[in-house]
Every structure is written in C-alpha cells, then in structure tokens.
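Novice: Can you keep this structure in mind? I'll have questions shortly.
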Amino acid sequence: MTAIKDMLAGLPWWVKWVAIPVIAVAVFGGMIASAVFFLVNVLFKVLLFVALVGGLVYVVRKVTGKSSSSSSSGW
C-alpha cells in the first residue's frame, strides 16, 4: 500500500481525482452498469411481486367479505 502512495505522491491533484476515476469508469463501466441494472431489476421484481400479492389479498377479502355477509354459513 505504501508503494501506491509513494507512486501517487508526486502526481498533480487532477490526475488522482479526475484522470484515474475516469479511467476506472472506462475500464469497469460495463461491469458497474450490469451490476446496477441487475439490482434495479431485482428490486422492480420484488416490488411487483409485493403489489400483485397485495392486490390478490385485497380482491379475495372483498369477494369473500361480500359472500360471507350475505350467507353466514361460509362454505
């Protein structure tokens, strides 16, 4: 780790804080974008699943609530 610090010590600030991050994004940008896309996709599917299950529970409670109020025997 000290070798990296010694190597970067003589460089201007813009190389450390601009050029190196830009090169890293250029090299690893596709991998970073794939990881972000995967996480967003999984989050969307989880939210869609929760919304569909919630809608199903709502519909079932509405349907069974109407039928159980008109006939107290249930099944």
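Under the numbering used here, the first residue of the sequence shown is numbered 54, with each subsequent residue one higher. Beta carbons: idealized from backbone N, C-alpha and C, even for Gly. These numbers come from a predicted model, not from an experiment.
Going by beta carbon distance, what residues of the same chain come within less than 7 Å of V68, once the five residues before and after it are set aside?
Specialist: Along the sequence shown, read from residue 1 onward, the residue named residue 68 stands at position 15. Contacts found: none.
Novice: Rounded to whole angstroms, what is the Cα-Cα separation between M60 and A104?
Specialist: Taking the first residue of the sequence shown as position 1, residue 60 is located at position 7. Taking the first residue of the sequence shown as position 1, residue 104 is located at position 51. The straight-line gap from Cα to Cα measures roughly 53 Å.
Novice: Taking the CB atoms as reference points, tell me whether V3 and I85 lie closer together than 9 Å.
Specialist: Nothing in the structure corresponds to residue 3, since the chain is present only between 54 and 128.
Novice: Can you tell me whether L64 is helix, strand or coil according to DSSP?
Specialist: Mapped onto the sequence shown, residue 64 falls at position 11. L64 falls in the coil class under three-state DSSP.
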